[in-house]
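Below: one structure, written as C-alpha cells.
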Amino acid sequence: MSDQIGGLSVGMVNLVVFLVIIGTAFLASMGWGFYRMFKGGSMSFPGAQEPGQDQVNYMRQVRYRTRLGMFVASQEAKKAMALNIFNIFTSNNFDLGHWVLAHQGV
C-alpha cells in the first residue's frame, strides 16, 4: 500500500488541491472586479441602499404607533396614579404617618 500519489504524499496532494481551489477563487474575484471596472460599475459590493417609499411609510407608521402607544401608556399611568392617591386620601382608615413610613422604604 502506497501513501504517495505521483511521488507526493497524500497530505501534500491535499495541500496542493486546496491551494489551487483558493487561487481559482481569488482569480475569479479579481476577474469580476476588472469586469465591473471596465463596465463602469462600482468596485465595491452593493452596500446599504436607499429604502423604497413603501419601507419609509412602514417605518413612519411603526414610529407613530410606538410613540402613540407610549403616550397612551403614560396617560393611563397618570390616571392610575391619581386614582390611587385619591383612594388613599379618601379611604376610611387613612393614616398619613403610616403611609409615609410605608413609602419611604422603612
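Numbering follows my numbering, with no gaps: position 13 of the sequence shown is 60. Glycine included, each C-beta is placed from N, C-alpha and C at the ideal position.
So, are the CB atoms of residue i and residue j less than 9 Å apart?
i, j, result
"V60", "G53", "yes"
Measure the C-alpha to C-alpha separation of residue i and residue j and round it to an integer number of angstroms.
i, j, result
"R110", "Q102", "12 Å"
"M48", "W79", "In this predicted model, M48 has a pLDDT of only 47, less than 50, meaning its place in the structure is not dependable; the value taken from the coordinates is given anyway. The alpha-carbon atoms of M48 and W79 are separated by roughly 44 Å."
"D50", "K86", "49 Å"
"S121", "G99", "33 Å"
"T71", "Y82", "16 Å"
"G58", "I69", "17 Å"
With DSSP collapsed to three states, give me the class of residue i.
i, result
"Q51", "strand"
In chain order, what residues of the same chain have a beta carbon less than 8 Å from the beta carbon of residue i, not counting five sequence neighbours either side?
i, result
"S55", "This sequence places Leu at residue 55; Ser is not what is there. Closer than 8 Å at Cβ, skipping near neighbours: V63."
Please return the same chain residues whose Cβ sits closer than 7 Å to the Cβ of residue i, not counting the five positions on each side in sequence.
i, result
"T137", "none"
"L130", "none"
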